[in-house]
Each structure stands twice: as C-alpha cells, then as structure tokens.
Amino acid sequence: MSAGPKARLGADLRMAWLLTRGSDRREWWRIGLTAGGAALATGIGLAIVALNSLDGYYSVSFGDGLLDSASDRRNVSVVMALLLVPVLGFLGQCARIGAVHRDRRLAALRLAGAGAWQVRRIAALESGPACLAGSLTATAPGVPLLLHLWARPTALAWAGFALVAVAVPVLGAAVSVLSLRHVVASPLGWVRRVRPVWGPGRALRAVSALLGVAGLLLGLSTFTGGPVRLALGPPALFVVVLLVGAATVSLAGTAARRLGGVLASRAQSPALLIAAERLREDPWAAARTHAAVLLVTVVGAGFVGVRQVLLETLHTMRREGTLSTDLGYYTTGIDLTAAAILVALALTLTGLAVGTVESLATRRRGLAAQVAAGVPQRVLARALLLETALPLAPAVAVAGVGGTAIGFWYASLASHRSGTVLPYAALLVPLAVYAACLLAAATSLPLLRRSVRPAELRHS
Amino acid sequence: MNTKGDITVPLLEGRGLVKAYGPTEALRGASVRLDAGEILAVTGTSGSGKSTLLHCLAGIAGPDEGSVSYGGERLDRLPEKRLSELRRTEFGVVFQFGQLIPELTAVDNVALPLLLAGLTRADAHTRAGEWLERFGVRGQAGLRPGEMSGGQAQRTALARALITGPKIVFADEPTGALDSLASEQVMTALVHTARESGTAVLLITHDAQVAAYADREVRMADGAVVPVGVTA
Amino acid sequence: MSIRHILLGLLAGGPSHGYDLKRRHDERFPEARPLAYGQVYTTLQRLVRDGLAEVEGTDSDGGPERTRYRSTEAGARELAEWAGQIAPPAPFVTNEIFAKVVVSILSGGDPDTYLRAQRAAHMARMRELTAVKTAKGADLATVLSADYALNHLDADLRWMTTTAARLTTLTAEVDSA
Chain A
110 MSAGPKARLG ADLRMAWLLT RGSDRREWWR IGLTAGGAAL ATGIGLAIVA LNSLDGYYSV
170 SFGDGLLDSA SDRRNVSVVM ALLLVPVLGF LGQCARIGAV HRDRRLAALR LAGAGAWQVR
230 RIAALESGPA CLAGSLTATA PGVPLLLHLW ARPTALAWAG FALVAVAVPV LGAAVSVLSL
290 RHVVASPLGW VRRVRPVWGP GRALRAVSAL LGVAGLLLGL STFTGGPVRL ALGPPALFVV
350 VLLVGAATVS LAGTAARRLG GVLASRAQSP ALLIAAERLR EDPWAAARTH AAVLLVTVVG
410 AGFVGVRQVL LETLHTMRRE GTLSTDLGYY TTGIDLTAAA ILVALALTLT GLAVGTVESL
470 ATRRRGLAAQ VAAGVPQRVL ARALLLETAL PLAPAVAVAG VGGTAIGFWY ASLASHRSGT
530 VLPYAALLVP LAVYAACLLA AATSLPLLRR SVRPAELRHS
Chain B
60 MNTKGDITVP LLEGRGLVKA YGPTEALRGA SVRLDAGEIL AVTGTSGSGK STLLHCLAGI
120 AGPDEGSVSY GGERLDRLPE KRLSELRRTE FGVVFQFGQL IPELTAVDNV ALPLLLAGLT
180 RADAHTRAGE WLERFGVRGQ AGLRPGEMSG GQAQRTALAR ALITGPKIVF ADEPTGALDS
240 LASEQVMTAL VHTARESGTA VLLITHDAQV AAYADREVRM ADGAVVPVGV TA
Chain C
76 MSIRHILLGL LAGGPSHGYD LKRRHDERFP EARPLAYGQV YTTLQRLVRD GLAEVEGTDS
136 DGGPERTRYR STEAGARELA EWAGQIAPPA PFVTNEIFAK VVVSILSGGD PDTYLRAQRA
196 AHMARMRELT AVKTAKGADL ATVLSADYAL NHLDADLRWM TTTAARLTTL TAEVDSA
C-alpha cells in the first residue's frame, strides 16, 4: 500500500518483462515489426526536424537544389509527414498481432487483482520498449549522418532530434494503452465473440464532411494558381486525396457486406460460401485492413497521372526555353514522392500480410478441426484468397478510377502547356496494386498448411 | 458384423501405435479394434493418449510406428488427399468444439460435406434440413454456431458428421463442454442414429456416464491400452 | 428406505389391497428392488397395529379373498411429517469397496486387480442402466431412477480411479499402522 511510485514502476516493469519473456514466437514477431515501424517513424520524424530547423536559403549539397529554399523544404516535409500516416497504420496493424492472447493475458491480470491503471502501465511497458528500441535504431545512425551533412547543427535541431526520439516510444505506449480500453473496463476480457456492428461511425462521417468543405474552399482558391505550383505543394490535392480515400473506406466496408450477402445466398462452391459469409459477418475487419490499400491506390494512381503530365509539361517548357530552374530540381522532387509512395505501398502490403496471418493464427484451432473433419485444405486456401480478392476488386477499381481522375483533372489544367497528354499509365496502378495484394495475402498460405496440422488440435 | 466362421473381421484396427509430439510420447504401442456397427468407448485420464489414438485411427495424424487398417486398407500409408476424402465420406468427426465453421449458419455447416461432394446448394440444404430435424435443431437452422447453445451446436456437429452416411463416427469428448442434460440429449441422439444406420462409433471420453452409452470400453493409461478387468 | 411410508403414500391416493400396492410400487420406482408380497403384508399389519392404516373391507371377485386397506388421519399426519424431513446426508460411511481394498492390503492380496474388476462390473451395470433409459419409449420415471443409480455408480467409479492411483501410498500407510 505504502510502496512509492518508483517501487511500483519497478514491479510493473518486472511483470511486463516476465510476460514478454514467457510469450510465444508471435509476440516476438509483434515486437520486431513494432520496432521496425517505430524506427521508420523516427527516421521520418528526424528528417522533418532536420529540414525544418534550417531557416531561409541554404545551398544543400544534395537533392539538386530541392532542399535549398525554405518553402521547398516545407513541401518536402509535408510529403514526409504524410508518409507517417501509413507508418502509423502499420504500427496499428502490428498492435493487433496476438491481440486476442494479450487481451486474455491482461484480463487474467485484472482477475488476479491488478488495478485498471496497473494493467494500463504494464501494457504500456510491454510495447514502449519495442518502440524505444526502434527509435534508438533510427536515431543512432541519424546523429552521425546529421553531423556529416551539416557541420554545425543548431541547438533547435538537436532539441528536435531528442524530442522525436522520446516522443515515438511514448506515443507508441500511449496507443497500446488506448487499444486496451475494453480489457481494462472488463476483467473478464473480450473472450466472447461479439458480432461487430460498427461501420464508418459518426466520427468518420464528420471528418468526411469537414474534408469536403475544406476541399471545396481550397479547390476554389487554387483556381487562381498555376499548375506547377499545384504540383509541388498544394494542400488541395491532399485534401482531395484524403476525401476520395475516406469515401473508399466506407465504400469498401459497405460493398464487402453487400457482396458477402449476395454471394453467400447464391454460392455453390464451399470456398466461395465460406469467404462470402466471413465478409458478411465482419466486413469492417477487411475494410480497415484495405483502407490503406485503397488510399495508396488513389495516391499512386493520382501520382502516376500527375507525374506523366508534369514531366511532359516540363519537357515542353525546356524545349521552349521557358524552364527557369534545372530539370533535376523537379525530377528529384518527383522521385522523392515516388519513393514515399512506394514505401507507403510496401508498408501497406506488409500490413495486409500481417493482417491475414494474424486472422489465420487466431483461427488455427478451428481450421485444424475443419481439416480433420474432411474439409480439404485447398478449399480453405481458396476461401482465404477470395476473402481478400472479392472486396478489394470493386474497391481498388473505384480507388483507381478516383486516382486516375485526379491525373485527368491535372492534365486538363495543364493542357495549355503540354498539349493533350492522357495519363493512361495511372490505369495500370490499380491492377498492379491488386496483384500485389493477392500476393501479400498468399504469403499466409504456408502458415495455413502449418496451422491445420493435427498437433494444433492438442491446444484448446 | 462381418463374420467368417467365428473370426470377426474388424472394421478398423490399430496395432502397436506409437506417436510422439516432440518430447511428449502420446502413444506407446496402443492397439485397438472396432467392429462394424459397434459403439466403442475409449476412456482414460487426460493425457493418457486418447485423442492421439483417435487422430491416428481417423487418419488425421500418421502414427510414427504401428499400423492402422480400415476395411483391409492400410490407412497409415494413404496420401493426405485420399485421407481427406475418406474423412468427409466414410468417416464423420465430432470434436468437443471447433469443427463447425463459425461464419456459416447451422444449415450451411451441415450441408458443407454435400457441397464438397458436388451437390447443388438447394439439394444440400434440403438434406441438411432433414438432418437438423432428426437432431432436434431444425429451429436453429439459420443461426451461426456462436448464437446456439453448446448442446445445439454439438447436435448440429453430429448432423454434419452423419449426413454423408459414414461407416464410422469419431467423437472426441463430444460432450466435454456440456452440462449433464445437454450431454444426455447429444449422446442419445448419437447412439440412436448410429444404431439405426449401423454406424460404428469411436467415442473418446473421460466421463464414465458418457462411456456407458457404448457397447464396449477400452481404457488407456500412459499411451497404451490397459486391460479393463474381468467382469464378475 | 421406509417401506411403511411408501405404502402410506400409495394409500394416500385411495384404498387399495396388498397385491395392488406391490404392483404400483414396482411401477412407480422402476429401478428399485421389487417389493416382496410378504413384506407388503407384514408392513400393512404393522400400520394397522399403530393406527396409521385400517382395514376397509374385503373383495373376492370370484378369486381368493383380498383385504382392502386405507390410510387413517394419523397416517396422513405421519406421512406429511416424514415427507418433509430431510434425509440425513450419509451419517455413516459404509463403503464395502474400501473395506475390501483395506482387507486385501492387510491380507497381502491384490487390491489393484480387485479394483479393476470392480470397475468393470460397475461399468457393465452403467451400460445396462443407460440402455434402459435410452430405450425408445422409456418414461421419465425410468430415466430419472436410472440417472440416480448412474450418478451413484459414477461417484463410486471416480472414487475407485483416484484410489487405484494412490494404492502405493495407501499400502504403506496400512502396513505401517
């Protein structure tokens, strides 16, 4: 009772360590991936800090002059900040690995008499160190790199570095505490299966409405600006992208449920029946995982379209001799954006694969029982792939069309300079993303084969 | 029973079965036989190897040593594809829980083996409805396993195991999670249907009252079948 | 088990003669030991002696003469009192199986084999009772009385299983005493 806060923290830390040490391989996967995501988030944070601690015009030794002016640096850091969105999404996905087991474990702690705050602290201490490890991994090479590139960094830059290195693990711990609110509320945990009823709730609708208004205002105001200015840092573009993305999230969920319902009542093949019923049962699980895929598709298709038109415009301008800056200045910017989008795509696909694997892992006893009862493995494998393929097909198509529309819109704005370039390349993006998603989902198939071994029947 | 003179040919026979999971030796030379139409209870404390014996006999797991013969065929030498086919045509399997697909309704779960066999959904549903009726769960046809009581879910699982008209039903603690009344309903349904259709049942249980539904009992201890004792 | 009170209970429904009472008893308690006629008649005579029942008359429908009995008011009171009394929960543990195990240890016998044989006999009886209760058309009284016996046999069985697992310790204890 009279134990000081230091002693209590020590006890909680010990408990967190014991729980982590005694956990299975999956927990180490979660820790590894979380650390990776945290490292990425820290790296991006450090880059943003470094860019923003410069003031005024500098001649930066790399980046073809893209980082020389303050406004360009700000634009680049906006792109990097946007990259934090998929990174955070990825971290959220990592937190779901083994979530059922962790919930049970912490619920057991509650039943054993741990207080609500104690459980929160233990949970935070379980995930905080993983984020800290990631943040240190990114900061350690970040500091010498900064010293190498910048002879005498300002005190502001150092302070920013320290802030990012500390903020990432703290935020990571806070998020894990937030995600445990159900367990903390009920010591009995969420072991019982409850059919999820939530869809895109009021929050999402409110955000969509706000974004819509903001997009409209910005859209009106940007008609006064030129196309090149639009391409490099227009908030309008991002708002439009977010809006299309939000719409696709809600569409993905609703479409998945409808599609599940329609297919479930007509399905003749067992694999299709299982996949359709799983979609109808929990369409939002898929929608949440697929939201990031759709956002990347919109951004990717939009970017590919804009890039095509922009490059065409720039080449035309250079031929006409109206291009004031070095072409490399623009292409570096474009390449940087492309790299950012590819990183986002990679994160998203990893998230998708993690989600599929996690869904398999939580169901493995049931799957083993079904195979034991004679359901062929290939039926389950087909159902698993269909579960990803069915809802993504219409959603990715719509997202692709949305992204391509951005490209066409940009092309129409720029047509007076580039002639009539049609950003047809954007149409390839949804196809590529779709194929990549199926491949990501297919990475879980070896786990399916392992999951249905009779040895799994021995665990209950 | 298949009798040739006074030698009874067993429907299913496991001889000298050995099976280890890592360092745990679940079976150490267990032998057991099951005659056609016979209801056999395998009893024993938890950890005595009962479930592993069922896995080996049903072709769910291959034994490390020993043989399993089913109707003269060496089960332990069949490829997984054929075993999987056997399990959904000639065998029925019921576990304590988990064999029903949680996302499918009761009628779809029961219809699944027929769908896998290539029947149309409508035909499969008609037959599944009849089987649900037999087990007294017709009213729950549209419910998912999570929405039913434990007893209803197990009767649905029995309907699914029996719909293909199997030769043998393998039941691993089918009443393990049920109260005694629900347990009685499930066992009565199983025994009645098995006797009517001449289906043999291999019943794994630690509960003597459940084992009493069987015609015969074998006991397991430490991975082997031990003598039951002479009835006075 | 009080046969007096069971007969009084059967008489509470209306006057009846000995043969009829025996028949109704065996019907009502299907898995109980059937009553012997002699026992029924001596018990009825004692009930009359104690003023709990009285002779109502005799019938002879062409056959042998049969005495009809009915319950008295004192009989009804006695019955109500008995039915409300709790049955003493196992006041003395008389366990023949345990006695045999201990005696077997004392005399250098083989308690393990005995327990196994006893277990097999118990299981055989349980199978019989289960067959009775699952037979098509078994009425609820049959099912309930079979269940009662099954639960008791099951309790014996569980006790035998744990005892068999602890025979070594028990042998050491019995031998050292």
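Same order as they appear, the protein sequences are chains A, B and C. Residue numbers for the first sequence follow the numbering used here, beginning at 110 and rising by one. Residue numbers for the second sequence follow the numbering used here, beginning at 60 and rising by one. Residue numbers for the third sequence follow the numbering used here, beginning at 76 and rising by one. The beta carbon of each residue, even a glycine, is placed where N, CA and C say it ideally should be.
Measure from the alpha carbon of histidine 320 of chain B to the alpha carbon of each residue in C:Asp229, C:Tyr94, C:Leu83, C:Ile161, then state which is nearest. Lying before the first or after the last residue shown, residue 320 of chain B is absent from chain B, which here runs from 60 to 291.
In chain A, what lies closer than 8 Å to aspartate 167 of chain B by C-beta? Position 108 of the second sequence holds residue 167 of chain B. Simply Leu382, Glu386.
Determine whether the Cβ of threonine 205 of chain C lies closer than 8 Å to any Cβ atom of chain B. By 1-based counting over the third sequence, the position of residue 205 of chain C is 130. Interface residue (Cβ-Cβ distance to chain B less than 8 Å): threonine 205 of chain C is classified as such.
Residues near aspartate 187 of chain C by beta carbon distance below 7 Å, same chain, minus five either side: Here residue 187 of chain C corresponds to residue number 112 of the third sequence, with the count starting at 1. Ala239, Leu242, listed in sequence order.
Taking all protein chains shown into account, do 16 or more other C-beta atoms lie within 10 angstroms of the C-beta of histidine 92 of chain C, making it buried, or fewer, making it exposed? Locating residue 92 of chain C in the third sequence gives position 17, counting from the first residue. Counting the other Cβ atoms within 10 Å of the Cβ of histidine 92 of chain C gives 16 or more, which makes it buried.
Quick check on the DSSP output: the alpha helix (DSSP H) that includes serine 186 of chain A runs from which residue to which? Your numbering for residue 186 of chain A matches position 77 in the first sequence. That run of the alpha helix (DSSP H) goes 179-204.
Selection of the stretch 256-274 of chain B by Cβ proximity to chain C, strictly under 9 Å: Cβ contacts with chain C: Asp266, Ala267, Gln268, Ala270, Ala271, Tyr272, Ala273, Asp274.
Tell me where the beta strand (DSSP E) around isoleucine 227 of chain B begins and ends. Here residue 227 of chain B is taken as the residue at index 168 of the second sequence, counted from 1. According to the DSSP assignment, isoleucine 227 of chain B belongs to the beta strand (DSSP E) that extends over 227-231.
If we define contact as Cβ-Cβ less than 8 Å, is threonine 83 of chain B a contact residue for chain C? On the second sequence, position 24 is the one that residue 83 of chain B refers to. No, because no Cβ of chain C sits closer than 8 Å to the Cβ of threonine 83 of chain B.
By the three-class DSSP mapping on this structure, what secondary structure does leucine 70 of chain B have? Your numbering for residue 70 of chain B matches position 11 in the second sequence. Residue state, collapsed to three classes: coil.
Please list the partners that threonine 237 of chain C has in chain F, where partner means a Cβ-to-Cβ separation under 7 Å. No chain F appears in the structure shown, which is made up of the protein chains A, B and C.
Measuring CA to CA, which of B:Arg219, B:Gly235, B:Gly201, B:Glu124 is closest to valine 169 of chain B? The sequence position of residue 169 of chain B within the second sequence is 110, counting from 1. Closest in alpha carbon position to valine 169 of chain B, among B:Arg219, B:Gly235, B:Gly201, B:Glu124, is B:Arg219.
Going by beta carbon distance, what residues of the same chain come within less than 7 Å of leucine 175 of chain B, once the five residues before and after it are set aside? Position 116 of the second sequence holds residue 175 of chain B. Excluding its 5 nearest sequence neighbours in each direction, leucine 175 of chain B has C-beta neighbours in its own chain below 7 Å: Arg147, listed in chain order.
Please check if any C-beta of chain C sits within less than 8 Å of the C-beta of glutamate 276 of chain B. Along the second sequence, read from residue 1 onward, the residue named residue 276 of chain B stands at position 217. Judged by the 8 Å Cβ criterion, glutamate 276 of chain B is in contact with chain C.
Distance, Cα to Cα, threonine 248 of chain A vs leucine 556 of chain A? Residue numbering aside, residue 248 of chain A sits at position 139 when the first sequence is read from its first letter. Residue numbering aside, residue 556 of chain A sits at position 447 when the first sequence is read from its first letter. Straight-line measurement puts the Cα of leucine 556 of chain A at about 34 Å from the Cα of threonine 248 of chain A.
Rounded C-beta distance between glycine 512 of chain A and valine 538 of chain A? I'm assuming under 8 Å. Here residue 512 of chain A refers to the residue found at position 403 of the first sequence. Here residue 538 of chain A refers to the residue found at position 429 of the first sequence. With a Cβ gap of about 7 Å, glycine 512 of chain A and valine 538 of chain A count as contacting.
Please determine if the stretch 270-283 of chain B and the stretch 104-115 of chain B are in contact, where contact requires at least 3 C-beta pairs separated by less than 8 Å. Look at the beta carbons and you see the stretch 270-283 of chain B touching the stretch 104-115 of chain B: at least three pairs across the two are nearer than 8 Å.
Three CB pairs or more closer than 8 Å across the stretch 140-160 of chain B and the stretch 111-118 of chain B: Touching, yes.
In chain B, what lies closer than 7 Å to glycine 475 of chain A by C-beta? Taking the first residue of the first sequence as position 1, residue 475 of chain A is located at position 366. Simply Gly157, Pro161.
8 Å Cβ shell around arginine 141 of chain C - same chain, five flanking residues per side excluded: Start at 1 with the first residue of the third sequence, and residue 141 of chain C comes out as number 66. So the list reads His92, Gly93, Tyr94, Thr133, Asp134, Ser135, once near-sequence residues are dropped.
Does any C-beta atom of chain C lie closer than 8 Å to the C-beta of valine 101 of chain B? Locating residue 101 of chain B in the second sequence gives position 42, where the first residue counts as 1. Answer no: the Cβ-Cβ gap between valine 101 of chain B and chain C never drops below 8 Å.
Taking 8 Å as the threshold (beta carbon to beta carbon), is valine 488 of chain A in contact with chain B? As a position in the first sequence, residue 488 of chain A is number 379, starting the count at 1. Taking 8 Å as the CB threshold, valine 488 of chain A lines the interface with chain B.
Using the DSSP secondary-structure output, state which residues sit across from isoleucine 263 of chain B in a beta bridge. Translated into the one-based positions of the second sequence, residue 263 of chain B becomes position 204. DSSP lists B:Val101, B:Asp231 as the beta-bridge partner residues of isoleucine 263 of chain B.
Among B:Leu202, B:Trp190, B:Gly73, B:Arg214, whose alpha-carbon lies nearest the alpha-carbon of aspartate 135 of chain B? In the second sequence, the residue the question calls residue 135 of chain B occupies position 76. Distance from the Cα of aspartate 135 of chain B is smallest, within the candidate group B:Leu202, B:Trp190, B:Gly73, B:Arg214, for B:Gly73.
Can you look up threonine 179 of chain B in the DSSP assignment and give me helix, strand or coil? Numbered from its first residue, the second sequence carries residue 179 of chain B at position 120. Coil at threonine 179 of chain B, not helix or strand.
Can the beta-carbon of arginine 194 of chain C be found less than 8 Å from the beta-carbon of leucine 225 of chain C? Sequence index remark: in the third sequence, residue 194 of chain C carries index 119 (1-based). Sequence index remark: in the third sequence, residue 225 of chain C carries index 150 (1-based). Not in contact: arginine 194 of chain C and leucine 225 of chain C (Cβ atoms no closer than 8 Å).
Any residues in the stretch 209-243 of chain C with a beta carbon nearer than 9 Å to a beta carbon of chain B? Which ones, in chain order? Contacts with chain B (Cβ-Cβ distance below 9 Å) from the stretch 209-243 of chain C involve Thr209, Lys211, Val218, Asp222, Leu225, Asn226, Leu228, Asp229, Leu232, Arg233, Thr236, Ala240, listed in chain order.
Only counting the same chain, and skipping five residues up and downstream in sequence, which positions put a Cβ closer than 8 Å to that of aspartate 250 of chain C? Start at 1 with the first residue of the third sequence, and residue 250 of chain C comes out as number 175. Hits under 8 Å: Ile180.
Restricting to Cα atoms, I'd like to know which of A:Pro238, A:Val277, A:Leu234 is closest to valine 286 of chain A. On the first sequence, residue 286 of chain A is found 177 positions in, with the first residue counted as 1. Here the closest residue by C-alpha is A:Leu234.
Uninterrupted alpha helix (DSSP H) stretches inside the stretch 108-153 of chain B (no shorter than 4 residues): The alpha helix (DSSP H) runs lying completely inside the stretch 108-153 of chain B and spanning 4 residues or more are 109-116, 139-148, given in chain order.
Assuming glutamate 106 of chain C and alanine 196 of chain C form a contact by the criterion Cβ under 8 Å, report the distance between their Cβ atoms to the nearest whole angstrom. Position 31 of the third sequence, counted from the first residue, corresponds to residue 106 of chain C. Position 121 of the third sequence, counted from the first residue, corresponds to residue 196 of chain C. Glutamate 106 of chain C to alanine 196 of chain C, Cβ: 17 Å. No contact.
Run through DSSP, which three-state label would threonine 133 of chain C get? For this step, residue 133 of chain C is matched to residue 58 along the third sequence. The answer is strand: DSSP assigns threonine 133 of chain C an E or B state.
Going by beta carbon distance, what residues of the same chain come within less than 6 Å of alanine 274 of chain A, once the five residues before and after it are set aside? Position 165 of the first sequence, counted from the first residue, corresponds to residue 274 of chain A. So the qualifying residues of the chain are Ser244, Thr248.
Exposed or buried, which one is isoleucine 161 of chain C when buried takes at least 16 other CB atoms within 10 Å? On the third sequence, position 86 is the one that residue 161 of chain C refers to. By the 10 Å Cβ count, isoleucine 161 of chain C comes out exposed.
Determine contact between the stretch 257-269 of chain A and the stretch 152-165 of chain A, defined as no fewer than three beta-carbon pairs at a distance below 8 Å. Short answer: they touch.
Whole-angstrom distance between proline 250 of chain A and alanine 148 of chain A, CA atom to CA atom: Counting from one through the first sequence, the residue named residue 148 of chain A turns up at place 39. Counting from one through the first sequence, the residue named residue 250 of chain A turns up at place 141. Roughly 11 Å between the two C-alpha positions.
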